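**Q** Quick one: the structure is below, and I'll ask about it shortly.
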Amino acid sequence: MGGLGHDRLYGGTGNDELQGNEGDDKLYGEAGNDHLFGQSGDDILYGGDGDDYLIGFTANNEAKQKLDGEESDNDHLYGGAGQDVLIGGLGNDYLDGGADADVMVGGLGNDIYIVNSVNDSIYEQNNQGYDIVISSTSYLLNANIKELRLLEGFNIHGTGNASDNKIIGNSANNIIDGVTGADEMIGGLGDDTYYVDNINDSVVEYANQGTDTVQSSITYTLSDNIENLVLLDFSKAEKGQVDGEAVLVYGFPKRNELDYMQGDAIENYRGTCALTSIANLITQTGTPTSEGEVVNTAIANNWAVNDPSLPASQLGGSNYLQQQTILNNYGIANDVIQGYNETGIANLLRGGRGVMLSVNAGILWNDSNYNGNGGVNHAITLTGAVHNANTGDLMGFYISDSGRGKVNGHDAFC
Numbered sequence: 015m016g017g018l019g020h021d022r023l024y025g026g027t028g029n030d031e032l033q034g035n036e037g038d039d040k041l042y043g044e045a046g047n048d049h050l051f052g053q054s055g056d057d058i059l060y061g062g063d064g065d066d067y068l069i070g071f072t073a074n075n076e077a078k079q080k081l082d083g084e085e086s087d088n089d090h091l092y093g094g095a096g097q098d099v100l101i102g103g104l105g106n107d108y109l110d111g112g113a114d115a116d117v118m119v120g121g122l123g124n125d126i127y128i129v130n131s132v133n134d135s136i137y138e139q140n141n142q143g144y145d146i147v148i149s150s151t152s153y154l155l156n157a158n159i160k161e162l163r164l165l166e167g168f169n170i171h172g173t174g175n176a177s178d179n180k181i182i183g184n185s186a187n188n189i190i191d192g193v194t195g196a197d198e199m200i201g202g203l204g205d206d207t208y209y210v211d212n213i214n215d216s217v218v219e220y221a222n223q224g225t226d227t228v229q230s231s232i233t234y235t236l237s238d239n240i241e242n243l244v245l246l247d248f249s250k251a252e253k254g255q256v257d258g259e260a261v262l263v264y265g266f267p268k269r270n271e272l273d274y275m276q277g278d279a280i281e282n283y284r285g286t287c288a289l290t291s292i293a294n295l296i297t298q299t300g301t302p303t304s305e306g307e308v309v310n311t312a313i314a315n316n317w318a319v320n321d322p323s324l325p326a327s328q329l330g331g332s333n334y335l336q337q338q339t340i341l342n343n344y345g346i347a348n349d350v351i352q353g354y355n356e357t358g359i360a361n362l363l364r365g366g367r368g369v370m371l372s373v374n375a376g377i378l379w380n381d382s383n384y385n386g387n388g389g390v391n392h393a394i395t396l397t398g399a400v401h402n403a404n405t406g407d408l409m410g411f412y413i414s415d416s417g418r419g420k421v422n423g424h425d426a427f428c
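Just so you know, we're using this note's numbering here: the sequence shown kicks off at 15 and counts up by one.
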């Protein structure tokens with residue numbers, strides 16, 4: 015335990031408890047599963063290796079309610095390796111869980127969170143300050159966080175929440191989606207894609223910053239330096255017929271170009287397994303279509319390869335490492351489905367931007383040469399849903415393979 019001054023405490027290799035006491039202290043947990051308590055003052059806590067518990071306030075202070083006079087409690091918490099819990103408390107705190115899936119709670123004040131994994135969890139209550147997430151991976155903001163910044167060096171998908179968010183991209187190719195609020199989206203360098211669904215959304219790009227695209231579900235006029243506009247008006251159905259029945263088609267492929275492909279084409283289509291990324295449709299059609307309906311329909315039509323003898327990581331004929339690779343090729347960080355972590359998948363679903371399942375390419379394209387070897391070099395995007403015009407029942411989907419094979423731009427109804 016530290017004293018009244020500015021202390022520096024080291025834990026060693028065991029499971030340690032360090033308490034800083036008063037002053038601006040530095041606590042180093044080092045190896046082991048440690049408990050570090052900064053107590054009062056502007057403290058810096060390093061968890062080190064192991065699953066650590068870092069708290070900016072005191073061990074028995076279930077919550078000091080306010081700071082007195084010139085007292086401050088602006089803490090820096092660094093989790094390091096392991097699954098850590100970081101709790102900032104009062105003040106403007108800086109929380110970095112480090113590697114692995116961490117839990118971070120800033121508390122009152124304007125807090126900054128560093129996210130290194132899609133499985134990091136951040137908790138903020140309403141009216142607790144202006145909080146910022148800085149992320150090196152594709153990430154969906156939890157409730158009550160206002161701003162998301164994307165770190166350099168990665169093609170990142172940044173997603174907001176129901177609040178009015180500010181999302182700032184990097185110099186790579188970003189996908190930026192503020193979701194339902196009136197959002198400010200700033201892409202920066204790179205070929206960026208924005209999703210617009212609120213008349214008060216703003217998209218900011220400057221000259222010579224890449225070829226940028228707005229995909230909008232409302233009537234929208236492009237701002238300066240945005241090159242492409244794709245209208246995703248899922249509220250208005252296209253009329254058509256399927257097997258002689260009148261249908262309403264939401265999101266017909268001719269009005270949707272959802273291709274995030276980068277890289278050269280692979281010559282051989284034979285024997286590829288496909289990954290389905292259901293994007294920008296399920297939560298926006300205004301119809302009862304849900305993620306569950308899509309999955310159930312896929313299984314009922316034998317799209318999904320569902321062999322119970324396979325381990326969980328290989329259902330559908332492609333293991334999660336292969337799926338990470340193809341997602342990365344499409345500009346989506348390759349840990350968005352890391353190890354089939356349930357929290358990570360839930361983050362995607364809450365954003366309304368993705369259900370992913372391995373599908374049977376042989377069934378989808380009647381490919382007699384398909385041998386189910388689990389190779390992954392196609393991505394399938396759901397671009398439309400078809401409903402019976404009289405009953406409203408879901409009848410099928412339009413899908414598009416923007417692929418890495420010989421079927422670029424292929425559309426099919428299933």
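Virtual Cβ for every residue (Gly too), placed ideally from N, Cα, C. What you are looking at is a predicted structure, and each value in this text was computed from that prediction instead of being measured.
Who pairs with Thr-227 in a beta bridge, going by DSSP?
**A** Residue mapping note: residue 227 aligns to position 213 of the sequence shown, counting from 1. Partner(s): Thr-207 and Asn-242.
**Q** Find the nearest neighbour of Ala-186 within the set Gly-201, Ala-196 and Asp-114, judged by alpha-carbon distance.
**A** As a first step, residue 186 must be located in the sequence shown, where it is residue number 172. Looking at the Cα atoms, Gly-201 is the closest of the given residues.
**Q** Specify, as a first and last residue, the run of the beta strand (DSSP E) that Ile-101 falls within.
**A** Here residue 101 refers to the residue found at position 87 of the sequence shown. 99-101 is the extent of the beta strand (DSSP E) around Ile-101.
**Q** Exposed or buried, Gly-183, counting other C-beta atoms within 10 Å across all chains shown (16 or more means buried)?
**A** Reading the sequence shown from its first residue, position 169 is the one you call residue 183. When all chains shown are included, Gly-183 counts as buried.
**Q** Count the other C-beta atoms from every protein chain shown that fall within 10 angstroms of the C-beta of Gly-167, then say buried if there are 16 or more, exposed otherwise.
**A** The residue given as residue 167 occupies position 153 in the sequence shown. So Gly-167 counts as exposed.
**Q** Quick check: what's the CA-CA separation for Asp-197 versus Gln-97?
**A** The count along the sequence shown starts at 1 and reaches residue 197 at position 183. The count along the sequence shown starts at 1 and reaches residue 97 at position 83. Here the alpha carbon of Asp-197 sits roughly 32 Å from the alpha carbon of Gln-97.
**Q** Counting along the chain, where does the beta strand (DSSP E) carrying Thr-235 start and finish?
**A** Your numbering for residue 235 matches position 221 in the sequence shown. Per DSSP, Thr-235 belongs to no beta strand (DSSP E) and is neither H nor E.
**Q** On the CB-based measure, 16 or more other CB atoms within 10 Å of its CB, does Tyr-144 come out buried or exposed?
**A** In the sequence shown, residue 144 corresponds to position 130, counting from 1. Answer is exposed; the Cβ neighbour count stays below 16.
**Q** What beta strand (DSSP E) runs, 3 residues minimum, are completely inside the segment 164-204?
**A** 171-173, 180-182, 189-191 and 198-200
**Q** For Lys-180, I'd like the list of residues in its chain whose CB is within less than 6 Å of its CB, leaving aside the five on either flank, ordered along the chain.
**A** Walking along the sequence shown from the start, residue 180 turns up at place 166. Around Lys-180: Glu-161 and Glu-198.
**Q** Is DSSP giving Val-147 helix, strand or coil here?
**A** Residue numbering aside, residue 147 sits at position 133 when the sequence shown is read from its first letter. Note: Val-147 maps to strand in three-state DSSP.
**Q** Please confirm whether Gly-102 and Leu-109 have their CB atoms less than 8 Å apart.
**A** Numbered from its first residue, the sequence shown carries residue 102 at position 88. Numbered from its first residue, the sequence shown carries residue 109 at position 95. Closer than 8 Å, so yes.
**Q** What residue does the beta strand (DSSP E) around Ser-135 start on, and which one ends it?
**A** For this step, residue 135 is matched to residue 121 along the sequence shown. Where Ser-135 is concerned, the enclosing beta strand (DSSP E) stretches over 135-137.
**Q** According to DSSP, what are the bridge partners of Asp-110?
**A** Residue 110 sits at position 96 when you count from the first residue of the sequence shown. Its beta-bridge partners are Tyr-92 and Ile-128.
**Q** Name, in chain order, the residues that DSSP records as bridge partners for Leu-155.
**A** Here residue 155 refers to the residue found at position 141 when the sequence shown is read from its first residue. The partner list for Leu-155 (beta bridge, DSSP) is empty, contrary to what the question assumes.
**Q** Quick one: what does DSSP say Glu-161 is sitting in, helix, strand or coil?
**A** The residue given as residue 161 occupies position 147 in the sequence shown. Glu-161: strand per DSSP, three-state reduction.
**Q** By how many angstroms is the C-alpha of Asp-107 removed from the C-alpha of Asp-125?
**A** Start at 1 with the first residue of the sequence shown, and residue 125 comes out as number 111. Start at 1 with the first residue of the sequence shown, and residue 107 comes out as number 93. Going by the C-alpha atoms only, they are around 5 Å apart.
**Q** Tell me which same chain residues have a C-beta within less than 6 Å of the C-beta of Ile-136, skipping the five on either side of it?
**A** Locating residue 136 in the sequence shown gives position 122, counting from the first residue. Correct list, in chain order: Met-118, Tyr-127 and Asn-156.
**Q** With a threshold of 16 other CB atoms inside 10 Å of the CB of Gln-229, please say whether the residue is buried or exposed.
**A** Here residue 229 is taken as the residue at index 215 of the sequence shown, counted from 1. So Gln-229 counts as buried.
**Q** Compute the Euclidean distance between the alpha carbons of Ile-189 and Asn-169, then round it to the nearest angstrom.
**A** As a first step, residue 189 is located in the sequence shown; it is residue number 175 there, counting from the start. As a first step, residue 169 is located in the sequence shown; it is residue number 155 there, counting from the start. Rounded to whole angstroms, Ile-189 to Asn-169 spans 8 Å at the Cα level.
**Q** State the Cα-Cα distance for the pair Gly-105 and Thr-233, rounded to the nearest angstrom.
**A** Indexing the sequence shown from 1 puts residue 105 at position 91. Indexing the sequence shown from 1 puts residue 233 at position 219. Approximately 42 Å, taken between the alpha carbons.
**Q** DSSP three-state label for Val-350, please.
**A** Translated into positions along the sequence shown, residue 350 becomes position 336. For Val-350, the predicted structure reports a pLDDT of 30, less than 50, and the residue's modelled location is therefore unreliable. A value from the coordinates is still provided. DSSP places Val-350 in coil when its eight states are reduced to three.
**Q** When burial is assigned at 16 or more other CB atoms within 10 Å of the CB, is Asp-238 buried or exposed?
**A** The sequence position of residue 238 within the sequence shown is 224, counting from 1. When all chains shown are included, Asp-238 counts as exposed.
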